[in-house]
Structure formats: C-alpha cells, structure tokens
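Which chain is which? The protein sequence lines are A and B, in order.
With this note's numbering as the guide, the letters of the first sequence map in order to residues 566 to 807.
With this note's numbering as the guide, the letters of the second sequence map in order to residues 10 to 75.
The C-beta atom is built at its ideal place from N, Cα and C for all residues, glycine as well.
Note sheet for the following structure.
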Amino acid sequence: MRVSRAVPGPEDQHAQNRDAGGSATGCAEAVADPGRPAGRALAALAGLRAPVVWVLLAIAFFTAISGKPVDGVLMLIVAAGLAWDAGRRALRHPDAGSAAGVRGTDRPRARGRRRLLAVGALLAGGAVCAGVMGSFSRYSWPVTAGIVGLGTVVVLIGWHGPLRDRPDGGRLPVPGTLAWLVVLVAGCLWELAALLQQPSLTTDSYSHPTISTLTDPLLATSPGRSLVLLAWLALGWYLVER
Amino acid sequence: MSSHDVTIAGYLVAVAGIVLLQVLATRTRLPVPSLGDLLTRAMRSRTGRVGMLVAWAWIGLHFFGR
Numbered sequence: 566m567r568v569s570r571a572v573p574g575p576e577d578q579h580a581q582n583r584d585a586g587g588s589a590t591g592c593a594e595a596v597a598d599p600g601r602p603a604g605r606a607l608a609a610l611a612g613l614r615a616p617v618v619w620v621l622l623a624i625a626f627f628t629a630i631s632g633k634p635v636d637g638v639l640m641l642i643v644a645a646g647l648a649w650d651a652g653r654r655a656l657r658h659p660d661a662g663s664a665a666g667v668r669g670t671d672r673p674r675a676r677g678r679r680r681l682l683a684v685g686a687l688l689a690g691g692a693v694c695a696g697v698m699g700s701f702s703r704y705s706w707p708v709t710a711g712i713v714g715l716g717t718v719v720v721l722i723g724w725h726g727p728l729r730d731r732p733d734g735g736r737l738p739v740p741g742t743l744a745w746l747v748v749l750v751a752g753c754l755w756e757l758a759a760l761l762q763q764p765s766l767t768t769d770s771y772s773h774p775t776i777s778t779l780t781d782p783l784l785a786t787s788p789g790r791s792l793v794l795l796a797w798l799a800l801g802w803y804l805v806e807r
Numbered sequence: 010m011s012s013h014d015v016t017i018a019g020y021l022v023a024v025a026g027i028v029l030l031q032v033l034a035t036r037t038r039l040p041v042p043s044l045g046d047l048l049t050r051a052m053r054s055r056t057g058r059v060g061m062l063v064a065w066a067w068i069g070l071h072f073f074g075r
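Printed below as a string of structure tokens:
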C-alpha cells in the first residue's frame, strides 16, 4: 500500500504537481525567477490553474456582494496568496507541488497512546469551546474572535501537511468522481440560485430560502449554536487529519 | 407546491445525492470514491489543503462571525 507523501515516486510527483498547478505546470521547467516582478506575476498566473483558488475567489466575490466585504477581502487575500505560493513552487521546483512531509515517525504504539490522549483532550476542549462560544449571540465579537482564532490555528496546522500518514488510494475512478462533482456543484448552484432570487442579496426570502436562512431558527438558540459549532469543529479536525 | 417547498426539495435532492454516492462508495464495488477519498485527494497538495481549510474557516465566520 502506498502512503501519501512518504517517498513520492515520479508518478506521485506528477500527480501532486497536477494538484498544485495544473498539468502543464507540473511538467514545466524553471522558466522564471519568482523573486522578480515579472516572475511574481507569472507565478500568480500559474497558481490560478489550481481549482481551489477559483473556489476561494468565488466565495470572496459572493461574500463581498452579500454584505460582508471584510470577509470577502480576507478570502481574496488568501486566494491570491495561495495562487502565488502554488505558482512560485511550481515554477521554481517542478517536483515540489506537494505539501511538506508528514510529521512524526515515532513507534506506532507510543503514537497510538499519544493520539488517544490527544483525541480525548480535543473532544473535551471542543465541547467546552462549543458550549462557551454557543452561549454568546451570533455575530458578537467574542464568537467572531473565537472563530478567527480557531480558523487561523487550524489553517497554520494544515499548512505544514497532514498530521499522520494516510493511505494514498491512488487515482480516483473518473465516473464516480464526476458523479460527486455533479452533485456538489448542483447543490452549490441551487444555493446560489436561491441567493440571487432574494429581494436583495442582504434580505432573506421565505420563497427562496438559502441554507443560512434555513438554519436561522436552529442558530437562534444557545444549544443549537453549540451543536452546530461542535459539528464545525469536528469537520475542521476531520479536514486537518486528511 | 410553493417556491419555498421547491427550494427545500432541491436541497434535499442534493443531500440525498451525497448520501447515495457515499453508500455506493462504501457498500458496493461500484467505481465511486467515498467523500473521504475525494477530500484526501483534493487535499494532497498544499494549495488544496489550505484552500479547503480556509473554506472551512469561512463557513464558521459566515454563520457566526461579525
């Protein structure tokens, strides 16, 4: 069984390069110096081949026009930074498309014990955190600070690569992957259609409710907020472990 | 059926599609990857990893943040 990022072979490196900067970028030679202005521009353009950058740009745009310009600008900065980083690495090191290596090469038993302790501590901490943050009203400064703090920590942890080895899994089957894309994109477009059919982008509509509108009743109560925050934290931990 | 019902039905169809694909991935031999496999693949590069985590942070900010 192959393990992701353990010792990538040529095939793995090509696959990872496709992730970072598209198929053409992955096989490119170092053609520009990312330190120079022209090189920086070229790096950013090369990074635009990463699909996730476009997803973040779309989120930034719709967040900004929905009445949260600061969130939109933050997402725009992250998207631009990621595009530049992906392009810079692809141009400078064609084989460096992957994230940093997996951390930790301890013995499995000691690692398992530590992991158990860490999971217990995280569960307890997550429950307390969700309970405390859920006791504050939505859009209040304490909750905002908590979300921003947690988000920053998780993104910084994720920046350095996965926390532990995971099976690579090889190539994904194309038909099944396409089926997933169709369902997920259709769901996003449905939400977008509901958003655009509101009286205005900042006014909710009963006839065309967005997911945010539908969750309002649940998030109006303290236990509901704590429950959703707990699920959000669990999702974050799940993603960090990928 | 009102517009409200149709809109909600659309969300339910999307959720049902996700559940169906996950069941097909985990309970059958059909060439369908699980959502976990999909996320792992998407997060194999640093760009994908950080992008997904930032999108997660944005969800929290969107629903709770100022």
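Notebook entry, point to check: Out of B:Val22, B:Val32, B:Ala64, which has the shortest C-alpha to C-alpha gap to serine 43 (chain B)?
Noted result: B:Val32
Margin query: As a quick exercise: from B:Arg58, B:Phe72, B:Ala25, pick the residue whose alpha carbon is nearest that of valine 643 (chain A).
Written below: B:Arg58
Margin query: Suppose the cutoff is 6 Å on Cβ atoms and the five residues either side in sequence are ignored; what does the same chain contact list for glycine 801 (chain A) look like?
Written below: Val719
Checklist line | Start-to-end residues for the alpha helix (DSSP H) that takes in leucine 33 (chain B) | finding: 12-36
Notebook entry, point to check: Run through DSSP, which three-state label would threonine 780 (chain A) get?
Noted result: helix
Check: In the structure shown, what three-state DSSP assignment does serine 54 (chain B) receive?
Finding: strand
Notebook entry, point to check: Taking just the CA atoms, how far does glycine 691 (chain A) sit from alanine 529 (chain A)?
Noted result: Because chain A in this structure spans residues 566 to 807, residue 529 (chain A) falls outside the shown range and cannot be described.
Check: Using 8 Å as the limit for Cβ to Cβ distance, is serine 61 (chain B) near chain A?
Finding: It is worth fixing the name first, because residue 61 (chain B) is methionine in this sequence and not serine. Output row for methionine 61 (chain B): interface = yes.
Notebook entry, point to check: Per the contact definition of three or more C-beta pairs closer than 8 Å, is the segment 781-792 of chain A in contact with the segment 696-707 of chain A?
Noted result: yes
Check: Is there at least one non-hydrogen atom of the ligand SAH closer than 7 Å to the beta-carbon of arginine 654 (chain A)?
Finding: The ligand content of the structure shown is nil, which means the ligand SAH is not present either.
Item checked: serine 765 (chain A) - containing alpha helix (DSSP H), residue span -> Serine 765 (chain A) -> no alpha helix (DSSP H), and no H or E assigned at all.
Check: If you measure beta-carbon to beta-carbon, which residues of the segment 46-59 of chain B are closer than 7 Å to chain A?
Finding: Asp46, Leu47, Leu48, Thr49, Arg50, Met52, Arg53, Ser54, Arg55, Thr56, Gly57, Arg58, Val59
Checklist line | Local conformation of glycine 662 (chain A) per DSSP, three classes | finding: Per-residue confidence for glycine 662 (chain A) stands at a pLDDT of 46, beneath the threshold of 50, marking its modelled position as unreliable; no derived number is given.
Next item on the list: With DSSP as the reference, label threonine 742 (chain A) as helix, strand or coil.
Entry: Correct three-state label for threonine 742 (chain A): helix.
Note to self: Give me, in chain order, the residues of the same chain whose beta-carbon lies closer than 6 Å to that of serine 526 (chain A); leave out the 5 immediate sequence neighbours on both sides.
What the structure shows: Any question about residue 526 (chain A) goes unanswered here, given that chain A covers just 566 to 807.
Next item on the list: May I ask you to list, following chain order, the residues of the segment 27-38 of chain B that have a beta carbon less than 9 Å from some beta carbon of chain A?
Entry: Ile27, Leu29, Leu30, Leu33, Ala34
Notebook entry, point to check: So what does DSSP say about leucine 39 (chain B), is it helix, strand or coil?
Noted result: coil
Note to self: Using the three-state DSSP reduction, which class does leucine 760 (chain A) fall into: helix, strand or coil?
What the structure shows: helix
Check: What in chain A is Cβ-close to histidine 21 (chain B), meaning under 8 Å?
Finding: It should be noted that the sequence gives leucine, not histidine, for residue 21 (chain B). Under the 8 Å cutoff, chain A gives no residues; its nearest Cβ is about 10 Å from leucine 21 (chain B).
Checklist line | Inter-stretch contact (C-beta, 8 Å, three-pair minimum) for the segment 58-70 of chain B and the segment 708-718 of chain A | finding: yes
Next item on the list: For valine 638 (chain A), I'd like the list of residues in its chain whose CB is within less than 8 Å of its CB, leaving aside the five on either flank, ordered along the chain.
Entry: Ala625, Ala629
Note to self: Buried or exposed, going by whether 16 or more other CB atoms sit within 10 Å of the CB of leucine 621 (chain A)?
What the structure shows: buried
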